[in-house]
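In the numbering used here, the protein residues as written are 1162 to 1327.
All C-beta atoms in this analysis are idealised placements derived from N, C-alpha and C, irrespective of residue type, glycine included.
From a predicted model like this one, the values you see are computed outputs, not experimental measurements.
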């Protein structure tokens, strides 16, 4: 989301959402581009399935961008993820199937890395969720905006990716 990108509650121009929407509207000026927010901070894939029924299905969008998984990888207690990757992957497949059933084009968006110094272990688990998303993209023949790889490629310029985290 980019919630730390300035005062996002009154100006979302620096957030991922704001930048993505501005880019789409600039690139397709005659298109009717409306954003449906089917996410909630701190919630994961199970919430998205609820929101899908309440927000996405009634709207019947043409494009669905799915960027999820970090909150699912997050350790809730005793170092265990909120949603284990073995459970995440079939739920992710189902989300893609539901999206395609609406006739929508689907793009998967992978997140950048999480803080590798956070003791909850998210940074070590997140690549497994990203890999599950990439497998799903291949199974369903859909595109991926792989932010994680671009983020990691900062190393090629001598920039440790974690140094760019808030």
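In this model, residue 1183 and residue 1324 are separated by some 27 Å (Cα to Cα). Residue pairing for residue 1306: DSSP places it in a beta bridge opposite 1270. Per DSSP, reduced to three states, the secondary structure at residue 1242 is strand.
A Cβ-Cβ separation of about 4 Å places residue 1286 in contact with residue 1234 under the 8 Å criterion. By the Cβ test, the region 1184-1192 is not in contact with the region 1258-1275, since fewer than three Cβ pairs between them sit closer than 8 Å.
For residue 1217, no beta strand (DSSP E) segment is defined, and its DSSP state is neither H nor E. In terms of Cα proximity to residue 1262, the closest of 1299, 1305, 1213 is 1213. Only residues of its own chain outside the window of five on either side were considered, and among them 1297, 1300, 1301 have a CB closer than 8 Å to the CB of residue 1254, listed in chain order. Taking C-alpha positions only, residue 1211 is separated from residue 1187 by approximately 31 Å. Inter-residue distance for residue 1250 and residue 1311 is about 23 Å (C-alpha atoms, whole angstroms).
Residue 1237 sits in a strand when the DSSP states are folded into three classes. Using a Cβ distance threshold of 9 Å, residue 1283 and residue 1209 do not count as a contacting pair.
Sixteen is the threshold: since fewer than 16 other Cβ atoms of the shown chains lie within 10 Å of the Cβ of residue 1240, the residue is exposed. With contacts defined by Cβ atoms closer than 9 Å, residue 1257 and residue 1229 do not form a contacting pair.
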